[in-house]
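Residues 13 to 237, numbered by the numbering used here, are exactly what the sequence shown covers, in order.
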Amino acid sequence: MNLHILERSPCSVGILIDRSVVRGTLPVLTSQTPFDVAVIFIGGPDDAEALALGSRMARHELATVTVIRFLLFGSENTKDRRHDTDLIYQYRHINMGNERFEYLEEVVRDGVALSAFIRDMAVRFDLILVGRQHQSSPIFQGMEQWREHEELGVIPDMLAAPDFECTASVLVVQQQRIGGKIMGHTMPTQQQQPPPPPPMGNGKESFAISNDSSWSISIEKPGKV
Numbered sequence: 013m014n015l016h017i018l019e020r021s022p023c024s025v026g027i028l029i030d031r032s033v034v035r036g037t038l039p040v041l042t043s044q045t046p047f048d049v050a051v052i053f054i055g056g057p058d059d060a061e062a063l064a065l066g067s068r069m070a071r072h073e074l075a076t077v078t079v080i081r082f083l084l085f086g087s088e089n090t091k092d093r094r095h096d097t098d099l100i101y102q103y104r105h106i107n108m109g110n111e112r113f114e115y116l117e118e119v120v121r122d123g124v125a126l127s128a129f130i131r132d133m134a135v136r137f138d139l140i141l142v143g144r145q146h147q148s149s150p151i152f153q154g155m156e157q158w159r160e161h162e163e164l165g166v167i168p169d170m171l172a173a174p175d176f177e178c179t180a181s182v183l184v185v186q187q188q189r190i191g192g193k194i195m196g197h198t199m200p201t202q203q204q205q206p207p208p209p210p211p212m213g214n215g216k217e218s219f220a221i222s223n224d225s226s227w228s229i230s231i232e233k234p235g236k237v
C-alpha cells in the first residue's frame, strides 16, 4: 500500500516514523512543547521538499530548525549542486533574522562518515526531516546494501532501523510526481526577489527570516503556468 501511494499520489507525500512512545512524550503532531527539528539535505527534489517544509516550520514559535547540508569531499561543482546551492540561499534569505532557523554544512568522504555523523547528531533533535530518494553517489558508499524497506530511501531506512540508537521521530518526504516524473526543485517565491547569492563561505553561520515575510511554494501543474 505504501508503495502504491508513493507511485500514484498526485501530491507530495510524507511518511512519519513517530517515536514519541519511545521518548515517553506526546505524539509529534499534537505536542505543544518546544521542538528541535533537523533537515538533512544531500540534494535533489525530495530534499528540496523537506527543506521547504522545514523552512515553514521555522515560522512556528515552538520549533527550532537546523538545516544540515552534506557535501562529498572533492566533488565537482556540478549544475545540480549549483542548483541546490541557489535553492538553499533562497531559504536562508527568507529566514534572515529568524533565530529559530540555522544552516550548517558538513563535508564527508563516504557513506561511513555520513552515517557516523548522522548517528551523532540525531540525538540532539526531536524530529528529523529527510527526502525519500537521492541520486546514486559515492556519498552513500557502504550504506546502500543495508537497505531493508523498499518504500524508504537509503538515509530514511537507516533512520527508521530498529537498531538505530535515536529517539527522534522521522518524517520522510517525497516531492510531488506527475506521471511518474519528478517535478523539479521546490523554489520559494517572494514579493521581492533576493540579490544573487554571494560566494560560498564555510557554511557555519546561522541564518533566519523575519516573521512578516511573505512567501509561498510554487507547484507546476500540466496545462497551467
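Don't be surprised by glycine CBs; every beta carbon is placed ideally from N, CA and C.
Note that the structure is a prediction, hence the values are computed from the model and not measured.
Note on Leu83: 16 or more other CB atoms within 10 angstroms of its CB, so buried under the neighbour-count rule.
CA-to-CA, the gap between Glu177 and Asp132 works out to about 9 Å.
A contact between stretches requires three or more CB pairs, one per stretch, nearer than 8 Å, and the segment 178–188 fails this requirement with the segment 109–118.
For Phe85, the number of other beta carbons within 10 angstroms of its own is below 16, and it is reported as exposed. Residue environment analysis places Gly26 among the exposed positions, since fewer than 16 neighbouring C-beta atoms fall within 10 angstroms of its C-beta. Residue environment: Gln102 is assigned as buried (16 or more neighbouring CB atoms within 10 Å of its CB, all protein chains considered). Three or more pairs of CB atoms, one per stretch, sit closer than 8 Å, so the segment 55–75 contacts the segment 141–154.
If only complete runs of 3 or more residues are kept, the segment 64–129 shows the beta strand (DSSP E) at 75–84 and 113–120, in order along the chain.
Straight through space, the alpha carbons of Phe137 and Gln186 are spaced by roughly 21 Å.
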